[in-house]
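As structure tokens, the structure follows; a few thoughts come after it.
Numbering (our numbering), first residue to last: 1 to 335.
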């Protein structure tokens, strides 16, 4: 296995580096120290053709100027917090009256410290960041380490650890958009999606959870059995930006029947937000084409959004001087 570090760009007078991790089967994982962004994952299809299966940009400047969180590590808290308020703290309101994805100039827009890490059967990059007390209104100095491992079995492992010196909130996610067709040669409508989820979180017009967890049975949100995305979009034309509460093995499976590529996601998080990119008609380019509706699908593992305002959801409060750990695995296979 091989790890290569190379210049990628400049951000606010800081040099940005890309890490290229290659396993013994020539499958490749790419990430940068700006935002701990995943810039590429190149894996084989059933015919042995190795292609990129995530959305990203050719130039670093596009990640700074245009990115809808392509591949980014999002925090302190992913998703929305109603009115940007928690206890006596006022968080940055960066989506109307609400707070989203940790605020402004946050985890996904900063250069992290980084280093290569090697173990017997995998290689990776550890990213380290200190979020200072008062950052976007959050209390506490928060030390975060995010490690991306790449294995010989074409598995991306994401391990997150965090520790704060004050009680604070922490609910991060990775915001990678997947398209298993390879180099986004097709949209994701022919992909199938299956999830171990019995319930989804009802949301209001601001995309904030109401607190009600509704059964997926007999709704467009039922992915307990594999469902083609074109069917799901016909059932719900506005698409999905939807939190699902995971159950059982907490697994998610995305499959492209055209080339056999399959992504299986396992996590210890309570939920996943599925974002189908419906309606994303943008001027920026992805693989040489304008960003368009259903070009990718994000599978954002996390606790349920706005959990701080819904005590029935699993807590996102972390206590001082305790270490918190989370993991998600993304396994790329063919079938």
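The beta carbon of each residue, even a glycine, is placed where N, CA and C say it ideally should be.
query	result
Cα-Cα separation, residue 143 to residue 234	44 Å
Cβ-based burial, residue 317 [other Cβ within 10 Å; buried from 16]	exposed
Straight-line gap, residue 139 to residue 33 (C-alpha atoms, nearest Å)	25 Å
Limits of the unbroken beta strand (DSSP E) element including residue 342	Lying outside 1 to 335, the shown extent of the chain, residue 342 is not represented and no answer is given.
Alpha carbon of residue 286 to alpha carbon of residue 30, nearest angstrom	16 Å
Own chain, CB closer than 8 Å to residue 121, minus 5 neighbours either side, in chain order	151 and 152
Nearest-angstrom Cβ-Cβ length linking residue 245 and residue 201, presumed shorter than 8 Å	7 Å
Which residues DSSP lists as bridging residue 325, in chain order	161
Residue 225 classed as buried or exposed, judged by whether at least 16 other C-beta atoms fall within 10 angstroms	exposed
Whole-angstrom distance between residue 134 and residue 217, CA atom to CA atom	43 Å
C-alpha distance - residue 95 paired with residue 68, whole-angstrom precision	14 Å
Beta-ladder partner(s) of residue 173, from DSSP	74
Residues near residue 127 by beta carbon distance below 6 Å, same chain, minus five either side	36, 112, 114 and 146
Option nearest residue 304 by Cα separation, candidates 311, 328, 270 and 229	270
Cβ pair residue 180, residue 254 closer than 9 Å	yes
Cβ pair count under 8 Å reaching 3, the region 172-188 against the region 295-313	yes
Runs of beta strand (DSSP E) wholly within the region 264-293 (minimum 3 residues, chain order)	271-275
Exposure of residue 7, with buried meaning 16 or more beta-carbon neighbours within 10 Å	exposed
Check whether residue 328 and residue 238 have beta carbons under 9 Å apart	no
Same chain, Cβ closer than 6 Å to residue 203, five either side skipped, listed in chain order	209
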